[in-house]
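K.L.:
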Amino acid sequence: MKRRITEYLDIDLEASEWQCNRCGASLGPASQNYKQGCLIAQRSPEEIWEPLVEAPVTFSFKPGWCRIVEFYCPGCGGMMEVEMLPPGHPITHDIELDLDALRARAEAEAAGAEVEA
Ligand SMILES: [Zn+2]
2 MKRRITEYLD
12 IDLEASEWQC
22 NRCGASLGPA
32 SQNYKQGCLI
42 AQRSPEEIWE
52 PLVEAPVTFS
62 FKPGWCRIVE
72 FYCPGCGGMM
82 EVEMLPPGHP
92 ITHDIELDLD
102 ALRARAEAEA
112 AGAEVEA
């Protein structure tokens with residue numbers, strides 16, 4: 002029983018784990034943050050938005066104000082998520098699912114029952 006959660010992220014309800022939906026690689030237990038199972042890269046915002054002028058204000062984000070954190074699948078290298086965080090900020094835990102409710106819904110659907118959205 003797999004469910005698509007985001008464009009690149011599935012949850013396997015039987016194995017209770019996050020999986021890449023491109024290659025099926027495990028991204029760790031469903032009870033934890035899937036980002037802990039990803040490869041992580043940190044980039045300076047100036048790599049992405051190059052400063053346009055040499056001045057105190059450059060039309061780019063200052064590296065001391067934020068960092069770009071990229072999350073990649075360890076199996077296929079697909080980018081799973083990107084977030085912009087202040088330096089020192091912990092990685093966000095943005096998806097937390099009610100696994101019991103998802104399992105009950107999947108079982109009801111498999112049994113042919115109509116399930117309210
Ligand atoms: Zn993958």
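Start counting the sequence shown at 2; every next residue gets the next number (my numbering). Idealized CB from N, CA, C, for every residue including glycine.
When the Cα atoms are used, what is the spatial distance from residue 97 to residue 47?
P.N.:
Answer to the nearest angstrom: the Cα atoms are 32 angstroms apart.
K.L.:
Residues in the same chain with beta-carbon distance under 7 angstroms from residue 30, minus the five sequence neighbours each way, listed in chain order, please.
P.N.:
If we look at residue 30 and ignore the five residues flanking it on each side, its Cβ neighbours are 17 and 18.
K.L.:
Strictly under 8 angstroms for the Cβ-Cβ distance: is residue 46 near chain C by that measure?
P.N.:
Although the question refers to chain C, the structure presented lacks it and comprises just one protein chain.
K.L.:
In chain order, what are the residues with a CB under 6 angstroms from some non-hydrogen atom of ligand 1?
P.N.:
With the cut-off at 6 angstroms, the residues found are 21, 23, 24, 26, 74, 76, 77 and 79.
K.L.:
Residue 119 lies in the alpha helix (DSSP H); which residues open and close that run?
P.N.:
Within the shown structure, residues of the chain are numbered from 2 to 118, placing residue 119 beyond reach of any answer.
K.L.:
Buried or exposed, going by whether 16 or more other CB atoms sit within 10 Å of the CB of residue 36?
P.N.:
By the 10 Å Cβ count, residue 36 comes out buried.
K.L.:
Which two residues bound the contiguous beta strand (DSSP E) that contains residue 13?
P.N.:
It spans 10-13 - the beta strand (DSSP E) in which residue 13 sits, taken as one unbroken run.
K.L.:
Spatial neighbours of residue 94 within its chain, please: CB distance less than 8 angstroms, with the 5 preceding and 5 following residues excluded, ordered by chain position.
P.N.:
Answer for residue 94: 34 and 36, listed in chain order.
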